[in-house]
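*Asks:* A single structure is presented below for examination.
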Amino acid sequence: MQTKHYHMEHVINKYDLQEVSTMLQNGETVAFPTETVYGLGADATNEKAVKKIFKAKGRPSDNPLIVHVATKEKLLSLVKNIRPYVETLIDAFSPGPITYVLKHNAKVAPTVTAGLETIGVRIPDHPVALALLQQAQTPVAAPSANRSGRPSPTEAAHVAEDLTGRIAAIVDGGKTDIGIESTVVDCTGDVPIILRPGAISATAIARIAGECHVDHPSSIKKEMPRSPGLKYVHYAPEVPLYLVESQKVSHIIEELKKDKKRIALLYESDLLVQEHIEVKKHIGSDEDEIGKRLYNLLRSFRIEEVDVIVCEFPKLHDHSAIIDRLKRAATKVVM
Ligand code: TXA
Ligand code: MG
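Going by my numbering, the sequence shown opens with residue 42, and the numbers climb by one from there.
Spelled out as C-alpha cells, the structure:
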C-alpha cells in the first residue's frame with residue numbers, strides 16, 4: 042500500500058482536510074497528530090476499517106481502542122448510565138489529555154471495545170485532530186500510531202518509520218506538545234479510578250470530582266488487568282533499558298564496562314555528565330520537558346550502536362506518568 046503524506050503543521054488546507062476525511066469515511070486508516078501522541082485512526086463504526094488498525098500495528102485483538110470525538114455532545118452520544126461527576130470532568134478537562142472509560146451503548150464496532158461493556162473515549166486538544174473529526178463526522182478509533190510494543194510516536198517521522206506501506210495516510214502536524222499518552226480514567230463507579238497515568242493527575246481529577254483513586258499496576262493480576270493494554274510490553278526501545286537509581290548508576294556502568302557492553306546513558310543529574318561513555322543524552326529537566334522528549338530519545342538508540350541503555354531514575358513523584366512509562370520500558374529496574 043502507498044502511504045500518502047499530508048502537511049498540516051502550519052495551515053490546514055481545506056482540500057487536504059476533505060481528502061483525508063474522505064479516506065476515513067471510506068474505511069481507510071489515517072495517522073494524525075493529537076496533543077499527546079500521534080494516533081492511527083479509522084471510522085469507529087466500521088468493523089472492517091477498525092480491523093485494519095490492528096493489522097497495521099500488529100496489535101493483539103483483546104486490547105481495546107480509544108475513540109476520539111470533537112465535542113462533548115458526540116462523546117455523550119456513545120455512552121449510557123453516566124455518573125453525575127462525568128460531565129463535570131468533561132467540562133473541566135476536555136478537550137485535553139484525558140480518556141474516560143464509560144458504559145457504551147453499542148454504537149461503535151465491537152472490535153473497538155474488544156467485547157467489553159465499556160468504551161474509552163476522549164476529545165483531543167489539537168487543531169488538526171479536531172478539524173479532521175469535525176469534517177469526518179464520525180467517531181474515530183485511534184490507538185497510538187506505532188508498531189505494537191514500540192514507543193508511541195511524537196512526530197510524523199516516527200509514524201513513517203513504523204507504518205509506511207501499512208496505512209493509507211500520515212497527516213503531519215509537527216511535534217506533539219505533551220509527548221505522553223492521555224490519562225485513562227475509569228468513570229463507571231462512584232469514584233473515578235486512574236487506569237493509566239498521564240498529564241492530568243489524580244489530584245487534578247479529585248479537585249473536580251471530589252475523589253480519585255489510582256489503580257496500581259502491581260495490584261493487577263497479569264491475566265486480568267482493568268485496562269487490557271497494560272499487560273503488554275510497552276514503550277520499549279530496540280535496546281534493553283536499565284532503569285537505575287541515581288547513586289547506583291556509576292556502579293552499574295562499571296559492571297557493564299567489565300562485560301565489554303556498549304553503553305548509552307540517559308541522565309538527569311549533572312554529576313553523571315562526567316561518566317566516560319560515548320553516547321550520553323540528557324533526559325530533560327522537569328516533568329514537562331522529559332515528557333516531550335522521552336519517546337524520541339528511546340527511539341534514537343539503535344541496537345547496532347549500543348548494547349544497553351542505562352537510564353537514571355528521574356526525581357519525579359511516584360504517580361508520575363513518566364515513571365510509569367519508564368518502568369514499562371525497562372528490562373531491569375535497579376533501586
Ligand atoms: O493519548 C492517547 O490516549 C493516545 C492518542 C492517540 O489519543 N492513544 C493511546 O491509545 O494511547 P492506545 O491504544 O495506545 O492506548 C489505549 C489504552 C490501552 O491501555 C487500553 O487498554 C486502554 O486505553 N483502554 C481502551 N479502552 C478501554 C476500556 N474500555 N477499558 C479499559 N481500558 C481501555
Ligand atoms: Mg499505545
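All residues carry an ideal CB built from backbone N, CA and C; glycine is no exception.
With three or more C-beta pairs closer than 8 Å as the rule, is the segment 124 to 131 touching the segment 187 to 206?
*Replies:* no
*Asks:* Which same chain residues end up closer than 6 Å to Lys262 when comparing Cβ atoms and leaving out the 5 residues on each side of it in sequence?
*Replies:* Only weak support exists for where Lys262 lies, its pLDDT of 39 falling under 50; the value from the coordinates is given anyway. No residues qualify anywhere along the chain.
*Asks:* Take the Cβ of Tyr56 as the centre, count every other Cβ of all protein chains shown within 10 Å, and call the residue buried at 16 or more, exposed below.
*Replies:* exposed
*Asks:* Exposed or buried, which one is Asp213 when buried takes at least 16 other CB atoms within 10 Å?
*Replies:* buried
*Asks:* Taking 8 Å as the cut-off, decide whether the C-beta atoms of Ile324 and Leu338 are in contact.
*Replies:* yes
*Asks:* Cutting at 7 Å between CB atoms, please list the residues of its own chain near Ala201, excluding the five before and the five after it.
*Replies:* These residues qualify, in order along the chain: Ile211.
*Asks:* Does DSSP put Phe73 in a helix, in a strand, or in coil?
*Replies:* strand
*Asks:* Under a three-way DSSP split, which group does Ile294 fall into?
*Replies:* helix
*Asks:* Closer than 8 Å, CB to CB, is Gly325 near chain D or not?
*Replies:* Here chain D cannot be found, since the structure has a single protein chain.
*Asks:* Using DSSP's beta-bridge definition, name the partner residues of Ile331.
*Replies:* Partner(s): none; Ile331 has no beta bridge.
*Asks:* Quick one: grab the DSSP three-state call for Lys321.
*Replies:* strand
*Asks:* Is it the case that the Cβ atoms of Gly377 and Gly220 are separated by a distance below 8 Å?
*Replies:* The structure shown does not extend to residue 377, since the chain is modelled only from 42 through 376, so no value can be given for it.
*Asks:* May I ask you to list the residues that DSSP assigns as paired with Arg369?
*Replies:* Answer is none; Arg369 lacks a bridge partner.
*Asks:* Tell whether a beta-carbon distance below 8 Å holds between Ile139 and Leu116.
*Replies:* no
*Asks:* Any idea which residues DSSP pairs His145 with across the strands?
*Replies:* Val120
*Asks:* At a cut-off of 7 Å, would you count Pro184 as near ligand 2, judging by its Cβ distance to the nearest heavy atom?
*Replies:* yes
*Asks:* Identify whether Tyr308 lies in helix, strand or coil by the three-state DSSP scheme.
*Replies:* strand
*Asks:* Rounded to whole angstroms, what's the CA-CA distance from Leu367 to Leu282? Just pull it up for me.
*Replies:* 9 Å
*Asks:* So, for Ala26: in the same chain, excluding its five sequence neighbours on each side, which residues have a beta-carbon less than 6 Å away from its beta-carbon?
*Replies:* The structure shown does not extend to residue 26, since the chain is modelled only from 42 through 376, so no value can be given for it.
*Asks:* Cutting at 7 Å between CB atoms, please list the residues of its own chain near Ser310, excluding the five before and the five after it.
*Replies:* Ser287, Glu353
*Asks:* Any heavy atom of ligand 2 closer than 7 Å to the Cβ of Ser193?
*Replies:* When distances are taken from the beta-carbon of Ser193 to the heavy atoms of ligand 2, the shortest one is below 7 Å.
*Asks:* Taking 7 Å as the cut-off, is the beta-carbon of Ser222 closer than that to any non-hydrogen atom of ligand 2?
*Replies:* The sequence shown places Glu at residue 222, rather than the Ser named in the question. Yes - ligand 2 has a heavy atom lying nearer than 7 Å to the Cβ of Glu222.
*Asks:* Taking just the CA atoms, how far does Val349 sit from Arg303?
*Replies:* 7 Å
*Asks:* For Lys322 and Thr86, what's the separation of their Cα atoms in angstroms?
*Replies:* 44 Å
*Asks:* Reducing DSSP to helix, strand and coil, say where Ala182 ends up.
*Replies:* strand
*Asks:* Which one or two residues does DSSP pair with His109 in a beta bridge?
*Replies:* Arg163, Val181
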